[in-house]
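The sequence shown runs 381 to 609 under the working numbering. First up is the structure itself, then whatever we jot down about it.
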Amino acid sequence: MTTVRVITVERDVQAQARESAAEFRRKMAEQGTLVVNVLSSPGAGKTSLLAATADHLHARARVAVLVGDIATDRDAQRLAAHAPALQLTTGGACHLEFPLVEQGWDALKAPEIEILFIENIGNLVCPASFDLGEHCRIVLLSTTEGDDKPAKYPKAFRTSHAMVVSKCDLLPYVPFEPTRAAADARRIRPDLEVFETSTRPVAGLEPWCDFLMAQRERILRGEPCGQRR
Ligand SMILES: Nc1nc2c(ncn2[C@@H]2O[C@H](COP(=O)(O)OP(=O)(O)OP(=O)(O)O)[C@@H](O)[C@H]2O)c(=O)[nH]1
Ligand SMILES: [Mg+2]
């Protein structure tokens, strides 16, 4: 006969992490650092976009990147030519969690950063469920993934302030309709901002960077992130 034991967990084990993340968000806003959590499936172009964004923002804002991966420091090495960057490796976990981000920020020791990007692990599912202490969440959708993904992976889009359609240089070659992807994503989150970019060659960065700068203005005024106005 099988014995079934029921164990009741009466403590929310994530509550402490959520409180610490909220405190980090407050502290970063007070010191004028916008924190941006960047989500996407593997290879959608997060590191490429952040390198191009750091270059584009060069004269407008000091930026830094904490970059998450399961293994290797390859992305931090790629980013180092563009901005102060520190690799966070999870050793297996498919998403970043706040304690690792906090350790990374302490170790980065980059002064007077105005925008801190956190490149999450390539995964469109798990990262959507973890608060990293960010003010603003961005989801990338590359044209090679198919325009049906917002409806299939809704949480990443519902919890994001903006969607960046990446690799738009490939639109002539792939069956991807940006208007269909945007409409699907806005059914999930009506106020989602949408940007179309590419990094080979670099295109579409001005509206995206204007959006980021507007988000920083918002947190300086003590407002939550949202649309550009
Ligand atoms: N054609 C084209 N290729 C791109 C673009 N952006 C990135 N790539 C290529 O796509 C591949 C993945 O780009 P990454 O920037 O490494 O993507 P990622 O999302 O950071 O990948 P992970 O960190 O491994 O999840 C690389 O071979 C890039 O050169 C783009 O705008 N157009
Ligand atoms: Mg990357």
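Note that the Cβ used here is the ideal one computed from N, Cα and C, for glycine as well. Treat the numbers as computed from the prediction; the structure is a model and nothing was measured.
- Ranked by how close their Cα comes to the Cα of Gly513, the residues Val389, Ala395, Phe404, Val386 have Phe404 in first place.
- An exposed status is given to Val384, since fewer than 16 other beta-carbon atoms sit within 10 Å of its beta-carbon.
- Distances from the CA of Val445 to each of Val545, Ala490, Ser421, His436 were compared; the closest alpha carbon is that of Ala490.
- In the three-state DSSP reduction, Leu592 falls in the helix class (H, G or I).
- Lys426 has its Cβ nearer than 8 Å to a heavy atom of ligand 2.
- Shown here for Arg458: same chain residues with a beta carbon closer than 7 Å to its own, the five before and five after excluded, namely Thr427, Ala431 in chain order.
- Considered as a whole, the region 479-562 harbours 529-532, 534-538 as its complete alpha helix (DSSP H) runs of no fewer than 4 residues, in chain order.
- Looking at the DSSP output, Leu446 sits in a beta bridge with Leu466, Ile498.
- By the neighbour-count criterion, in which 16 or more other beta carbons inside 10 Å mark a residue as buried, Cys474 falls on the exposed side.
- If you compare the alpha carbons of Arg569, Arg442, Ala441, Leu468 with that of Arg454, the shortest gap goes to Leu468.
- The beta carbon of Lys535 is closer than 6 Å to those of Ala508 in its chain, skipping five residues each way along the sequence.
- In the three-state scheme derived from DSSP, where H, G and I count as helix and E and B as strand, Thr579 is classed as strand.
- Leu429: member of the alpha helix (DSSP H) spanning 426-436, first to last residue.
- The Cβ atoms of Ile518 and Thr413 do not sit closer than 9 Å to each other.
- Of the candidates Arg442, Glu399, Val443, Glu399 places its Cα closest to the Cα of Asp511.
- By alpha-carbon distance to Ala531, the top candidate from Gly471, Arg569, Arg391 is Arg569.
- By alpha-carbon distance to Gly448, the top candidate from Ile387, Ala562, Ala542, Ser420 is Ser420.
- Secondary structure of Leu419 (DSSP, three-state): strand.
- For Glu410, the enclosing alpha helix (DSSP H) starts and ends at 395-410.
- Here Gln595 is buried: its Cβ has 16 or more other Cβ atoms, across all protein chains shown, within 10 Å.
- Of all C-beta pairs linking the region 581-597 to the region 551-559, fewer than three are shorter than 8 Å, placing the two stretches out of contact.
- A straight line joining the alpha-carbon of Lys547 with that of Ile599 spans about 29 Å.
- Residues Leu520, Ser522, Ser546, Lys547, Thr579 of the same chain have their beta carbon placed closer than 7 Å to that of Gly425, with the five preceding and five following residues left out of the count.
- Non-local C-beta neighbours of Met543 in its own chain, meaning closer than 7 Å and more than five positions away in sequence, comprise Val519, Leu521, Phe537, Ala565, Leu572, Val574, ordered along the chain.
- The nearest non-hydrogen atom of ligand 2 is 8 Å or more from the C-beta of Asp453.
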